[in-house]
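These notes concern the structure reproduced below.
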Amino acid sequence: MSAKRVKLAKDYLLRKKTTGAFPSVIGIETTSRCNLDCIMCPRQEMTRGKGDMDLELFKKISDSIIGNVEFIWLQDYGEPFLNKGIFDMIRYAKKSGLRTGISTNATVLDEGIIENIMFSGLDYIIFAFDGATKETYEKIRRGAKYEQVVQNIKQFIANKNERKADIFTVIQCIYMRDTEKEIKDFKRMWKIKGVDGIRIRQVTYSGGEGKFKNRLDSRPCYWLWSDPHIKWDGTVVPCCQDVNAVYPLGNIKDKSFGEIWNSEGMVRLREMHISGKYKELPLCKNCNMYQPNNMLIIGSSFFNYLTVNKLVPRIETLLSRIKY
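Residue numbers (numbering that gives the first Met the number 0): 0 to 323.
Okay, structure coming up:
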């Protein structure tokens with residue numbers, strides 16, 4: 000796979016509007032439903048329909064990327080464990096040679112779900128837990144109960160430790176005004192055996208005039224060459240910031256992923272960025288998504304995605320010192 004990663008990095012650095020390599024990672028929205036109403040979540044602006052991806056569509060996606068894509072994230076704008084077929088999806092991906100990761104709010108974890116996670120073949124899990132105190136956490140994660148979620152996560156970790164399960168486990172907090180004074184306490188709180196990384200990450204936002212500083216600095220957005228997402232209904236979009244699928248590139252039900260990856264719509268978006276006209280794109284002009292520098296792009300292309308992503312918690316923890 001390293002040759003394909005290098006090819007992808009080269010195509011981006013040379014500003015090619017098409018690429019001869021698949022991305023190393025794809026985000027797949029297994030559900031757009033969520034049981035919380037978090038204050039920083041772009042879901043508050045989501046106007047498209049809500050639903051669950053069915054297993055047959057997931058299998059079609061997996062079959063079309065086997066041997067070309069290394070890793071799939073099984074969430075986008077929803078709580079993945081609300082989809083009753085999530086474990087069949089993980090197992091199918093595992094059988095197909097695809098590594099899998101999930102980010103969850105941990106509210107619906109119970110003994111049954113934890114047991115299924117342990118035997119599913121899941122490689123990577125992020126527990127999104129914002130704040131170190133009940134007051135802060137419940138203010139941000141509206142609808143969640145602090146004590147219950149702490150218990151759920153600790154039960155998962157205890158089960159993982161007992162079974163010596165090889166699931167890379169990250170506890171994540173978003174760095175923002177409500178959490179910045181609790182970061183040290185958050186790190187101390189989760190510095191326990193079985194937690195492989197504590198991730199302090201930025202708020203990402205692609206709307207709101209002047210709300211955040213745009214990170215592009217006249218560079219094309221790296222994610223247009225590396226991080227497409229597929230919504231629960233099969234619609235492919237260019238990146239994780241496209242909450243409402245305002246730039247639909249095609250549907251996996253009708254076309255192969257390879258066709259969509261270098262489709263007319265995808266090429267147009269890349270051309271707009273290459274020519275410096277990204278500010279004409281409403282989704283892009285105010286986006287503050289982190290942009291890796293060229294050396295990081297080159298260096299990371301020699302390692303598989305899972306290895307790189309195990310380093311992400313450390314990198315983003317350092318970046319959290321910057322106030323966004």
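By construction, the Cβ of each residue, glycine as well, lies at the ideal position given by its N, Cα and C atoms.
Asked, Found
"Residue of ASN104, LEU121, GLU134 and SER300 minimising C-alpha distance to SER225", "SER300"
"Identity of the residue in LEU7, SER63, ARG14 and ILE199 nearest ILE251 by Cα", "SER63"
"Buried versus exposed, by CB contacts within 10 Å (16 or more), LYS16", "buried"
"Meets three-Cβ-pair contact criterion under 8 Å: the segment 227 to 238 and the segment 249 to 269", "yes"
"Sequence-distant residues of the same chain with beta carbon closer than 6 Å to ASP36, five excluded per side", "ARG141 and GLY142"
"Residues of its chain near CYS331, where Cβ-Cβ distance is below 6 Å and the 5 sequence neighbours each way are ignored", "Examination of residue 331 is not possible in this model, given that the chain is present from 0 through 323 alone."
"Nonlocal neighbours in the same chain, by C-beta distance under 7 Å from SER262, ignoring five residues either side", "LEU248 and GLY249"
"Closest by C-alpha distance to LEU223, when choosing among SER102, VAL5, ALA2 and ASP10", "ASP10"
"Where ASN82 falls, given that 16 or more other Cβ within 10 Å makes a residue buried", "buried"
"Rounded straight-line distance, which links the Cα of ILE197 to that of LYS178", "Per the sequence shown, the amino acid found at residue 178 is Thr instead of Lys. Computed Cα separation, rounded: 14 Å."
"Three-way DSSP call (helix, strand, coil) for TYR277 in this model", "helix"
"Under 8 Å between C-beta atoms of THR99 and ASP75", "no"
"For ILE199: DSSP bridge partner residues", "CYS172"
"For VAL24 and TRP72, the rounded distance between their alpha carbons", "8 Å"
"Spatial neighbours of PHE185 in its chain, beta-carbon cut-off 6 Å, leaving aside the 5 residues before and after", "ALA131 and CYS172"
"Coil, strand or helix - PHE256 by DSSP", "helix"
"For ALA127, three-class secondary structure by DSSP", "strand"
"Burial state of SER1 (16 or more Cβ within 10 Å)", "exposed"
"Distance between LEU295 and PRO357 (C-alpha atoms, nearest Å)", "Any question about residue 357 goes unanswered here, given that the chain covers just 0 to 323."
"Three-state secondary structure assigned by DSSP to ARG187", "helix"
"Within 8 Å, strictly: CB atoms of PHE70 and ILE112", "no"
"C-beta contact flag for LYS49 and TYR91 at 8 Å", "no"
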